[in-house]
Amino acid sequence: MTVTWRKTEDPNPISIGDFIFSPDKRFSIVKVEEKDEWNLRIKKITMDDAGMYKCEVSSRIKKLFGLVLLRITRNNNKESPYQEAPVPTDNPKLELTGTAFVSKGEPIVLTCNSTSNSIAPEALDWFKHGNKVVSTNNDNIKIENSIHKRTLISTLTIKRSTMDDAAMFICRASQLDVAHFQVHVLD
């Protein structure tokens, strides 16, 4: 498992694992082994430190990420002119909608919305019968994605349904949250 911290506006990582890449000596990683936590610590914080930070956890099996918004406000304390404001948690909402019953040959249209408190998720994946669905060259299956503010909207369209399209469809956000929807095709 590898844990990487970066400020989202900067392509260069602050840290990868225990190694600090940033030349700024104020950064350090605090590991809490019993909780499996890798926390980024910034000493002597300044207003320039404010912004969105991304923590990415990669393994051979899967990749996860979380976003943290750091807001800094003035403090009248003479020892430290800055204080850390409460950091909102990012609990994404995932919703999958569509028509549960279609007649054979009719289109199936499913829409998956993934909304976050901070920024839109990076990607959505679709699955049918446990297999990943991709747009096909014959235009029978089409996946369209669009981003509106903090929401990624993905629409899966099957133009002409077959009996094999009666299935449990799953949409998975980049945070590995999942939503499912059962489609029934009537003969």
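In the working numbering, the protein residues as written are 3 to 189.
A virtual CB, placed ideally from N, CA and C, is assigned to each residue, including glycine.
The structure presented is a predicted model; accordingly, all values stated were derived computationally and were not measured.
According to DSSP, which residues form a beta bridge with residue i?
| i | result |
| --- | --- |
| Asn133 | Lys130 |
| Asn147 | Ser156 |
| Met54 | Leu71 |
| Lys95 | Thr117 |
| Arg8 | Lys56 |
Measure the beta-carbon distance from residue i to residue j and round it to whole angstroms, keeping in mind my assumption that it falls under 8 Å.
| i | j | result |
| --- | --- | --- |
| Ser116 | Leu126 | 6 Å |
| Ile14 | Phe23 | Here the sequence assigns Asn to residue 14, which means Ile is not the residue at that position. Their Cβ separation, rounded to whole angstroms, is 7 Å, which keeps Asn14 and Phe23 in contact under 8 Å. |
| Asp51 | Ile44 | 5 Å |
Identify, in the order they occur along the chain, each residue of the same chain with its Cβ nearer than 6 Å to the Cβ of residue i, setting aside the five sequence neighbours on each side.
| i | result |
| --- | --- |
| His182 | Met170, Ile172 |
| Lys9 | Gly53, Tyr55 |
| Asp26 | none |
| Trp7 | Ile16, Ser17, Leu42, Cys57 |
In terms of alpha-carbon separation, which member of the options lies closest to residue i?
| i | options | result |
| --- | --- | --- |
| Leu158 | Leu42, Ile44, Asn147, Glu97 | Asn147 |
| Asp141 | Ile160, Leu154, Val70, Met49 | Ile160 |
| Leu112 | Ala168, Val70, Arg73, Ile121 | Ala168 |
| Ser163 | Glu108, Lys37, Ala175 | Glu108 |
| Thr153 | Phe129, Leu98, Lys130 | Leu98 |
Who are the near neighbours of residue i in its chain, counting only those whose CB is closer than 7 Å to its CB and skipping five residues on each side?
| i | result |
| --- | --- |
| Phe103 | His186, Leu188 |
| Gln184 | Ala102, Met170 |
Can you tell me whether residue i sits near the ligand ZN, meaning its C-beta is under 7 Å from at least one heavy atom of the ligand?
| i | result |
| --- | --- |
| Val135 | As for the ligand ZN, it is missing from this structure, which has no ligand bound. |
Who are the Cβ neighbours of residue i in its own chain at under 8 Å, not counting the five residues just before and after it?
| i | result |
| --- | --- |
| Val180 | Leu96, Ile172, Cys173, Arg174 |
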